[in-house]
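Remarks on the structure that follows.
Numbering (this note's numbering), first residue to last: 8 to 98.
Now the structure itself:
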């Protein structure tokens with residue numbers, strides 16, 4: 008009987024070690040699942056930020072083009088007005 012008790016004790020220790028390893032593995036699996044979820048959210052955020060940056064770039068390009076057009080239209084108008092005023096003043 009004492010040998011059986013030793014074997015049972017050894018089995019209990021082995022089972023306790025296995026249970027501890029299983030608990031650690033389950034906790035690790037939970038952590039990995041959480042990291043995957045966080046990664047998916049981070050990926051969505053990065054894609055959204057990239058899309059906004061692209062939209063902003065296009066908007067800035069459009070503003071630059073509009074500014075060029077405005078300068079191109081205003082310059083001849085201002086030159087004409089200045090020439091008109093100089094013509095009146097020099098009479």
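Heads up, the beta-carbon is just placed ideally off N, CA and C, and yes, glycines get one too.
Can you give me the C-alpha to C-alpha distance between residue i and residue j, rounded to a whole angstrom?
i: residue 79; j: residue 55; result: 36 angstroms
i: residue 21; j: residue 48; result: 41 angstroms
i: residue 84; j: residue 60; result: 36 angstroms
i: residue 30; j: residue 45; result: 23 angstroms
i: residue 2; j: residue 52; result: The structure shown does not extend to residue 2, since the chain spans only 8 to 98, so no value can be given for it.
i: residue 96; j: residue 71; result: 37 angstroms
i: residue 92; j: residue 98; result: 10 angstroms
i: residue 18; j: residue 32; result: 21 angstroms
i: residue 63; j: residue 36; result: 40 angstroms
i: residue 27; j: residue 10; result: 26 angstroms
Just verifying my parser: in three-state terms, what is the DSSP assignment at residue i?
i: residue 20; result: helix
i: residue 65; result: helix
i: residue 29; result: helix
i: residue 97; result: coil
Would you say residue i faces chain B, with C-beta separation under 8 angstroms as the test?
i: residue 81; result: Note that chain B does not occur in the displayed structure, where there is just one protein chain.
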